[in-house]
Amino acid sequence: MQCWNITKYIYVTLLPPNSAQNPAASAAQTVLNTLNAPYFRMAKAGFVHCPSENEPDVVCCFFCLIELEGWEPEDVPWSEHAKRSPNCGFLTMKKDFTNLTVAEYLGMEKDRLKIYLRKISHKKMASMREAIDYTLETLKSHLDS
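Heads up: the sequence shown is residues 3 to 147, going by the numbering used here.
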């Protein structure tokens with residue numbers, strides 16, 4: 003098993019069982035597939051577990067940041083991901099993540115960071131709008147009194 007820590011998200015993938023990089027993966031893969039098959043299928047489709055107080059079963063794509071919840075063991079993560087985020091850069095890759103060149107990886111990372119920064123800035127702007135609305139209402143109520 004290989005893991006890449008990508009900012010606060012973790013992408014997990016299993017090497018092919020007879021891979022030259024990991025000849026012992028066959029036995030480990032059998033055990034892992036038996037014990038946690040749904041979780042590894044989700045990880046291979048780019049999803050990581052990102053729960054909150056209100057939504058404990060949410061998963062999030064490490065690349066496009068689409069959030070999905072209510073997973074059933076028989077759900078197909080690749081299909082669900084493609085249905086809800088067809089333009090995700092991770093889904094549209096033409097080669098396996100482990101075979102990317104440094105330039106390809108850095109290009110993808112740049113795109114991923116743009117998506118992340120856009121999402122964070124939208125959340126921050128929404129929070130600021132709420133604070134402004136609250137302040138305006140408070141001022142109006144004080145001026146009307």
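Note that beta-carbon positions come from the ideal geometry of N, C-alpha and C, so glycine has one too.
| query | result |
| --- | --- |
| Excluding the 5 residues preceding and the 5 following ASP113 in the sequence, name in chain order all residues of the same chain whose CB lies nearer than 6 angstroms to its CB. | GLY91 |
| When you compare the CB positions of ILE68 and SER54, do they come within less than 8 angstroms of one another, or not? | no |
| In the DSSP output, which residue or residues are listed as bridge partners for HIS51? | VAL61 |
| Please report the residue range of the alpha helix (DSSP H) in which GLU82 lies. | 79-86 |
| Taking the C-alpha atoms as reference points, what is the distance between HIS124 and GLU76? | 34 angstroms |
| Do GLY72 and ASP59 come within 8 angstroms of each other at the CB atom, strictly closer than that value? | yes |
| What three-state label does DSSP hand ASN7 in the structure shown? | Confidence at ASN7 is low in this model, with a pLDDT of 42, below 50, so its placement is unreliable and the value that follows should be read with caution. Note: ASN7 maps to strand in three-state DSSP. |
| Cβ atoms of ILE117 and CYS2: under 8 angstroms apart, would you say? | Since the first and last residues shown for the chain are 3 and 147, residue 2 lies out of range. |
| Express the C-alpha separation of ALA128 and THR137 in angstroms, rounding to a whole number. | 14 angstroms |
| Determine the direct distance from the alpha carbon of PHE42 to that of THR100, and round the result to whole angstroms. | 16 angstroms |
| In the DSSP assignment, what are the bridge partners of LEU70? | VAL61 |
| Which of the three DSSP states is assigned to GLU132 in this structure? | helix |
| Does the separation of the CB atoms of LEU93 and ALA105 fall below 8 angstroms? | no |
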